[in-house]
Amino acid sequence: MSLVRDPTMLAQRPFVKMNGLGNEILVLDLRTDPEEVPAAAARALARPGVLPFDQAMVLYPPRAEGSAAFVRILNSDGSEAGACGNGTRCIAAYEAGRTGERHILFESGAGPLDCVMQPDGRVTVDMGAPHLGWEEIPLARPVADTSAYQIEGFAALGPASFVSVGNPHAIFFVPDVAEVDVDQLGATLERHPLFPERANISFAQVLSPDHILLHVWERGAGRTRACGTAACATAVAAARTGRTGRVVRVTLPGGDLKIDWRESDDHVLMTGPVALEFSGTLTPDMLTEAA
1 MSLVRDPTML AQRPFVKMNG LGNEILVLDL RTDPEEVPAA AARALARPGV LPFDQAMVLY
61 PPRAEGSAAF VRILNSDGSE AGACGNGTRC IAAYEAGRTG ERHILFESGA GPLDCVMQPD
121 GRVTVDMGAP HLGWEEIPLA RPVADTSAYQ IEGFAALGPA SFVSVGNPHA IFFVPDVAEV
181 DVDQLGATLE RHPLFPERAN ISFAQVLSPD HILLHVWERG AGRTRACGTA ACATAVAAAR
241 TGRTGRVVRV TLPGGDLKID WRESDDHVLM TGPVALEFSG TLTPDMLTEA A
């Protein structure tokens, strides 16, 4: 991979714009001619009127046999994410459309991502087993019970549950998500000293033992219409605390995801739709602000 000093060198590269439940995804396939995508380039592309996205899924040549690609995930502010469930569904659909394969494996910084195309067009992603220890999430200090911890200064929200599904999540179970100021609380809690790598902040309302309503503030992206890893983390947190079973429907502003925290191996399976918006080629103007 060459080191890009001028982000406009990415011009003339093809892109595909997709979304998973309204979670805006930019796909950059750089497998044939790999280049670094600097944080400045990601920020430039995410500008309003250019190619606004929540996450960019950048595909690089595979490192392991049987893998379709190694995936680097960038947030709209240029920071790097360890995982993106909605984005993974999008690149699985992209690869299936390109090759006709129905079972696709990707590599990521958080580990392998095993994807299966369903007959109805939805995609199932094996997100692996969640990390529940305070040092794995990570938290800044030891927490004896990561399923329920009261963060000082936020007593009105009740205790938070902490889970990592490739990136750190804090979930608050609330009586009514419509009454929560997601923007203000999310922006504040994302950067709380308890989270050395920042955190995704979720507000969940349990509607029944198999149905959760969820609003999410994503680190590095802000409030989004959907967040696959947050849905996975919330399902795990709800099951750990006895609020639901291990198979739930998670309703986000963008739509529904089915989450199955599989008992046999503790892996979290996420199933949901994807949508293709448009494709094109990057231009120097799109990247000029990054130069």
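Start counting the sequence shown at 1; every next residue gets the next number (the UniProt record's numbering). Beta carbons: idealized from backbone N, C-alpha and C, even for Gly.
Tell me the residue span of the alpha helix (DSSP H) that contains residue i.
i, result
"Thr-99", "85 to 99"
"Asp-183", "182 to 190"
What three-state label does DSSP hand residue i in the structure shown?
i, result
"Gln-12", "coil"
"Pro-284", "helix"
"Arg-179", "Strictly speaking, residue 179 in this sequence is Glu, with Arg absent from that position. Glu-179: helix per DSSP, three-state reduction."
"Leu-45", "helix"
"Arg-249", "strand"
"Leu-139", "coil"
"Val-125", "strand"
"Leu-132", "coil"
Could you tell me if residue i is buried or exposed, where buried requires 16 or more neighbouring beta carbons within 10 angstroms of its beta carbon?
i, result
"Glu-135", "exposed"
"Pro-282", "Residue identity differs from the one stated: residue 282 is Leu in this sequence, not Pro. So Leu-282 counts as buried."
"Ala-144", "exposed"
"Ser-76", "buried"
"residue 329", "Any question about residue 329 goes unanswered here, given that the chain covers just 1 to 291."
"Glu-95", "buried"
"Thr-99", "exposed"
"Pro-273", "buried"
"residue 300", "Residue 300 is absent from the structure shown; the chain starts at 1 and stops at 291."
Please state if the CB of residue j and the CB of residue i are separated by a distance shorter than 9 Å.
i, j, result
"Gly-20", "Gly-228", "yes"
"Pro-61", "Pro-34", "yes"
"Leu-26", "Ala-39", "no"
"Cys-232", "Gly-85", "yes"
"Gln-150", "Pro-138", "no"
"Trp-217", "Ala-239", "no"
"Ala-235", "Val-268", "yes"
Roughly how many angstroms lie between the CA atoms of residue i and residue j, to the nearest whole one?
i, j, result
"Asp-54", "Ala-140", "26 Å"
"Pro-52", "Arg-43", "9 Å"
"Met-286", "Gly-87", "22 Å"
"Arg-72", "Ala-93", "17 Å"
"Ala-110", "Ser-161", "20 Å"
"Ala-178", "Phe-172", "13 Å"
"Asp-265", "Gly-128", "9 Å"
"Ala-56", "Arg-31", "15 Å"
"Arg-219", "Asp-120", "32 Å"
Between which two residues does the beta strand (DSSP E) harbouring residue i extend?
i, result
"residue 292", "Residue 292 lies beyond the range of the chain shown here (1 to 291); nothing can be said about it."
"Ala-227", "Here residue 227 is Cys; the residue named in the question, Ala, does not match the sequence. Looking at the DSSP string, Cys-227 is not in any beta strand (DSSP E), and its letter there is neither H nor E."
"Ala-204", "200 to 208"
"Val-27", "23 to 29"
"Arg-72", "69 to 75"
"Val-50", "Here Val-50 belongs to no beta strand (DSSP E), and DSSP marks it neither H nor E."
"Glu-218", "211 to 218"
"Glu-107", "103 to 108"
"Phe-172", "168 to 173"
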